[in-house]
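Residue numbers (the numbering used here): 1 to 278. In this text, a Cβ means the ideal position worked out from N, Cα and C, and glycines have one as well. Just so it is clear, the structure is predicted and the values come from calculations on it, not from any experiment.
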């Protein structure tokens, strides 16, 4: 089996040459590929899509994770007469290339679908779904580059204060965690900083941090996860200079949904952290 890992990895980490940017003469007119992710040799682009923002539900072991950012879809077909790689060969090369760039394979199934994730320089991350068809004759890449803290804050400290004054709580969907874990993602730090500012601006305010999950998985596991996530937020606020005695942590698991768990959008809304005035 021919291994192209070093070549692929180099293009994942560096700018492509002017020749590579020009594409392959065999590519269909108007098609474009991701500038940092090389195609496997002897494939041409049959069709593609590219826009500045789109959302994709990437399959992972626990279901799907939706990511939004710069979007590419590229459909590659083997050139006539070229040696056909196997599904395993294609998968291994892209997996090794992502690993060399600091990324990893998150999901793989028997149908040839694979989800990869890679950190980007300066923050943010790259997600890629690879789908192999006809045992390597055709493969498709769906890529989303999520910029670090690109989106606007969900709430400022002033807006949170207004909501708590009015309703006694505020629900935050912008504090994000790794799938199935209580690890707060880096893109959530700006919102965490606003919660710290909220508490520093009102020294009399005490909060209960309440974690909520969607209904995917075991109820007991969801309850435990929601409590661990609330505790992780509490620790992050304490690390920001807030007296931990002003804070409590609690978790409700999937028992208090605010949206329909049958849809990904609904599940995303149910995965939230609420700040409740104590």
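**Continuous alpha helix (DSSP H) assignments of at least 4 residues falling wholly in the segment 33-113** = 87-100
**Item:** residue 274 burial status per 10 Å Cβ neighbour count (16 or more: buried)
**Value:** buried
**Asked** Under the DSSP definition of a beta bridge, which residues are partnered with residue 249?
**Response** 209
**Prompt:** Residues in its own chain within less than 8 angstroms of residue 53 by CB, not counting five upstream and five downstream?
**Reply:** 68, 69, 70, 71
**Asked** Can you give the beta carbon distance from residue 240 to residue 227, rounded, assuming they're within the 8 angstroms contact cut?
**Response** No, residue 240 and residue 227 are not in contact; Cβ-Cβ is about 21 angstroms, not under 8 angstroms.
**Prompt:** To the nearest angstrom, how far is it from the Cα of residue 28 to the Cα of residue 82?
**Reply:** 18 angstroms
**Prompt:** In terms of residues, what are the limits of the alpha helix (DSSP H) holding residue 175?
**Reply:** Premise fails: residue 175 is in no alpha helix (DSSP H) and is neither H nor E.
**Message:** In whole angstroms, give me the CA-to-CA distance for residue 277 and residue 208.
**Reply:** 6 angstroms
**Message:** Short of 6 angstroms in beta carbon distance, which residues of its chain neighbour residue 32, apart from the five on each side in sequence? Order them along the chain.
**Reply:** 48, 50
**Request:** Take residue 104 as the anchor and find which of 168, 198, 25, 129 has the nearest alpha-carbon.
**Result:** 129
**Request:** Would you please state the rounded distance, in angstroms, between the beta carbons of residue 164 and residue 199? I believe it to be under 8 angstroms.
**Result:** Their Cβ separation, rounded to whole angstroms, is 11 angstroms, which puts residue 164 and residue 199 out of contact at 8 angstroms.
**Prompt:** Expressed to the nearest angstrom, what Euclidean distance is found between the alpha-carbon atoms of residue 95 and residue 224?
**Reply:** 33 angstroms
**Asked** Should residue 201 go down as buried or exposed, given a rule of 16 or more other Cβ atoms within 10 Å for buried?
**Response** exposed
**Request:** Indicate the three-state DSSP secondary structure (helix, strand or coil) for residue 5 in the structure shown.
**Result:** In this predicted model, residue 5 has a pLDDT of only 47, less than 50, meaning its place in the structure is not dependable; the value taken from the coordinates is given anyway. Reduced to three states, the DSSP call for residue 5 is helix.
**Prompt:** Going straight from the alpha carbon of residue 272 to that of residue 113, what length do you get?
**Reply:** 29 angstroms
**Message:** Just to confirm the assignment, what range does the alpha helix (DSSP H) spanning residue 120 have?
**Reply:** First-last for residue 120: undefined, no H or E at that position.
**Message:** In the DSSP output, what is residue 274 paired with across the bridge?
**Reply:** 171, 210
**Prompt:** Roughly how many whole angstroms lie between the Cα atoms of residue 190 and residue 140?
**Reply:** 35 angstroms
**residue 181 to residue 62 span [Cα, whole Å]** = 11 angstroms
**Request:** Label residue 280 either buried or exposed according to how many other C-beta atoms from any shown protein chain fall within 10 Å of its C-beta, with 16 as the threshold for buried.
**Result:** One cannot answer for residue 280 here, as it falls past the ends of the chain, which runs 1 to 278.
**Asked** Taking the C-alpha atoms as reference points, what is the distance between residue 173 and residue 24?
**Response** 43 angstroms
**Item:** Residues that residue 129 bridges to, as DSSP identifies them
**Value:** 115, 142
**Message:** So the candidates are 73, 107, 43, 36; which of them puts its Cα closest to the Cα of residue 97?
**Reply:** 36
**Inter-residue CB distance, residue 175 and residue 233 (contact presumed, cutoff 8 angstroms)** = 6 angstroms
**Prompt:** Hey, out of 262, 38, 231, 214, whose CA is closest to residue 270's CA?
**Reply:** 214
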